[in-house]
Structure formats: structure tokens, C-alpha cells
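In what follows, a single structure is set out as C-alpha cells and then discussed.
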Amino acid sequence: MSLDLATKISLGKILPKTLKELIIEFLNYKKPFISLNTYKRYNVLHNKIKLTSPLYYSYILDITPLDLIQYYKSLNHYEYIKRIHTLLKLAYDYAILNSYIEINPCYNIPISMILPKPKTIHMKYSIDKEFIDRLLSFISRRRDKLKVAYTLLLLLALRVNTLSQLKLSMFDFKRNLLIIPAEIMKTNIDHILPINEYISNLVKEYVSKHNITEYLFPAQTNPYKHIHPNIFLVMLRKDGFSKDETTVHGFRSMLSTICNDNEIDPIGIEWYLAHYNSSSVSRAYNHSQGLSRKRKVLDFWFDYLFN
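The opening position of the sequence shown corresponds to residue 0 in numbering that gives the first Met the number 0, with each subsequent residue numbered one higher.
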């Protein structure tokens, strides 16, 4: 600790912060600038630290890189270590900006050496025509809510967390668009998708029949909450689709593989899946020019499945 920082602390100009106080202050600071989903993820990590770390009530000035390494080793879970480390690194950067500390102890900690990164498990899917026919049969036998939901999952290649949070207000039926706000997207970027007449009529008929006003797929017990995303995988398993055959996320991979195999515009496919380039210039181009390319993907995919 420098003499200047020590002097400020001794004079009461800066109060020593515990890790708990730092994380809470940092999250309150970040809340207006991040999506609701990101804020929720940070809070999950915060609670994990609270429950598992002996450092939670320690002063941040006393926490060393070795302390953090020992804590990470105790977690013994690569993804949790990686995510918690990212949160702590950001919180400590915030602490430096506010003169609470001078050095970020998170830097130069080799996460991959603490616990090896597990092998990537790719989502299961099939492009076999017999499998696709079986999947379409499964969807056709669902009741209204799940039938519409699975249809949108398959045709629009949405992630289940995004699909479950869709609201009626996100559909622009005059322009045949689905406008998904950044806060329910994994990428935290607005995502605009074309819809065709089939999707439009399917959604409008469902909405009218069930008097939908807010969430497109409300929870069974509370219309002001959305359906739980896990239900989609549960129903697949109940109908006999094994984990070796497909996952719900595998619908996206299936679309990508089949469209690429049929030489559909690869950039259009990536944008359709919301795999946007991170630069702001590319995002602006996506929104202004990308719809026609996305619509070609939808047209091909719809014809492939239903014609």
C-alpha cells in the first residue's frame, strides 16, 4: 500500500472496503449500464461468492492473489471459476478507479492452470430427414402454447431463454417483423427477425384464442410471468427424443448445417442466428441491410421443412 493511500485511510478520507461491500457497490454502479439478464447473472455469481468464499467479509486490501487462487481451487468447477474471476476483476478495476486499492490482485492469475478447461460438448442435433419428420410430428401434436413455441424455436432458431421471454408487443405484424430487445438476448444486442405469413397467422390465432396481452408464453400458474425455458427440453425427452439425438439448442445447429450445406448466404445465416460482429459499425450495417438476407434464410428453411 502506498503512503498516500495509507494516509487517506488513516485520516478517514477513504474507508476500507470488504469484498462484500465492494461487490454490492460495483453492481449498483453497473446496473444502469447492463441488461437485466447480465445483472441477474452477476447477482448469481455474487451469491455464489457469498456462500462459498471465506474472503467475502475480508478487507480487499488484505486479499492477495494467492488467497484468490486457493479460493478458486476450492470451487473445483472451471466455468464458475472463470465467471467469478471475471466479476472480481471488474469489481477490483472499479475499486482502483475509486482509489480503494492500487493493484488488482486478479491480474496474471492463470485460470487454465488452476483447473484445466473441460472439453467442449457440442449440442446434439440431426439433419436426417426421418428425424426432422419425427420432430415436425411431435410439434404438430402439442397443444396450442407449446405448438406455437416449438414452431418459433424451429423456424426462427431462437434460444430458449429468449423465446420464453417474448412479448406480444415485440411482433410488428404490419411489417412482418419480430423485434427482440437486447435485454433478453444473450448477445445484449437488439435482434430483428423477419416472419412470414405462416408465422404471423399462427401467432395471431394463438393470441386471439388465449387472450394473450403481455408474455407470448405465460406461465401456467401466473399470467404475469413467462414460461420456464426448461419445459421445452423436458417435453422432448418425454416424447422419446434422447440426449444423444437432440437438444433444443440443437435446432439452431440443425438450421445452420442444412442452410450451409445448401449454399445459403453464410452471412445471412450468422445474422439469423444473432451471431453479430462486435463492432458498432457492423451492428449498424446488420440492422439496415441484414433483413433481406435473413428473409432469404427464413424462406429457404420454411420451404425445406414444410414443402
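All residues carry an ideal CB built from backbone N, CA and C; glycine is no exception.
Query, Result
"Could you pull the start and end residues of the beta strand (DSSP E) that L176 belongs to?", "L176 to I179"
"CB of S207 to nearest heavy atom of the ligand GDP: below 7 Å?", "Summarising the ligand content, the structure contains no ligands, and the ligand GDP is consequently not present."
"Would you call S277 buried or exposed, if buried means 16 or more other Cβ atoms sit within 10 Å of its Cβ?", "Note that S277 has pLDDT 48, beneath the 50 cutoff, so the model's placement of it is unreliable and the number below is only indicative. S277 comes out exposed."
"Taking the alpha-carbon positions, what's the L44 to D302 distance?", "43 Å"
"Starting from the N-terminal side, write out each stretch of the alpha helix (DSSP H) that is 4 residues or longer and does not extend beyond the stretch 44-101.", "64-74 and 77-96"
"Among I126, N97 and P53, which one has its Cα closest to the Cα of T256?", "I126"
"Under 8 Å: do the stretch 189-203 and the stretch 137-153 share three or more Cβ pairs, one atom per stretch?", "yes"
"With the cut-off set at 8 Å, would you say L162 and K293 are in Cβ contact?", "no"
"Tell me, please, whether the stretch 222-230 touches the stretch 256-274 by the rule of three or more beta-carbon pairs shorter than 8 Å.", "no"
"Quick check on N216: does DSSP put it in helix, strand or coil?", "The sequence as given places Phe at residue 216; Asn does not occur at that position. It is coil, neither helix nor strand."
"Out of curiosity, what's the CA-to-CA distance linking H274 and L14?", "44 Å"
"Check D243 in the structure and name its three-state DSSP category.", "coil"
"Looking only at its chain, what residues have a beta carbon closer than 8 Å to the beta carbon of D189, apart from the 5 residues adjacent to it on each side?", "I178, I179, P180, A181 and H286"
"Taking 8 Å as the threshold (C-beta atoms), are Y93 and Y28 in contact?", "yes"
"Exposed or buried, which one is R331 when buried takes at least 16 other CB atoms within 10 Å?", "No statement about residue 331 is possible, as the shown extent of the chain runs from 0 to 306 and does not include it."
"Out of F25, L152 and R82, point me to the one whose CA is closest to K47's CA.", "R82"
"Round the Cβ separation of K72 and I113 to the nearest angstrom and send it over; I've been treating them as touching at under 8 Å.", "6 Å"
"Which residues in the same chain as L86 place their Cβ atom closer than 7 Å to its Cβ, once the five residues preceding and following it in sequence are excluded?", "Y41 and L44"
"Determine the closest residue to D61 out of T17, E269, I33 and I22, with distance taken between C-alpha atoms.", "T17"
"Quick check: the Cα distance between N175 and N160, rounded to an integer number of angstroms?", "22 Å"
"Which value, in whole angstroms, describes the spacing of the CA atoms of R140 and G239?", "14 Å"
"Pull up the CB-CB distance for L50 and Y70, whole angstroms please, since I reckon it's below 8 Å.", "Wrong, their Cβ atoms sit about 12 Å apart, outside the cutoff."
"What residue from W300, S136, H84 and L153 has the CA that sits closest to T246's CA?", "L153"
"Please name the residue, chosen from Y205, T186, D171 and L167, that lies closest to I194 on a Cα-to-Cα basis.", "D171"
"Closer than 7 Å by C-beta to C258: which residues in its own chain qualify, once you throw out the five before and the five after it? Chain order, please.", "I268, V296, F299 and W300"
"Taking only the alpha-carbon atoms, compute the straight-line gap between L35 and D66 and give it to the nearest angstrom.", "31 Å"
"Please report the Cβ distance between Y99 and I59, rounded to the nearest whole angstrom; I am assuming they are in contact, meaning their Cβ atoms lie under 8 Å.", "6 Å"
"So what does DSSP say about Y284, is it helix, strand or coil?", "In this prediction, Y284 has a pLDDT of 49, which is less than 50 and means its spatial position is unreliable; nothing more can be read from the coordinates."
"Report the three-state DSSP secondary structure of I194 (helix, strand or coil).", "coil"
"Can you tell me whether F305 is buried or exposed? The criterion is at least 16 other CB atoms within 10 Å of its CB, across all chains shown.", "exposed"
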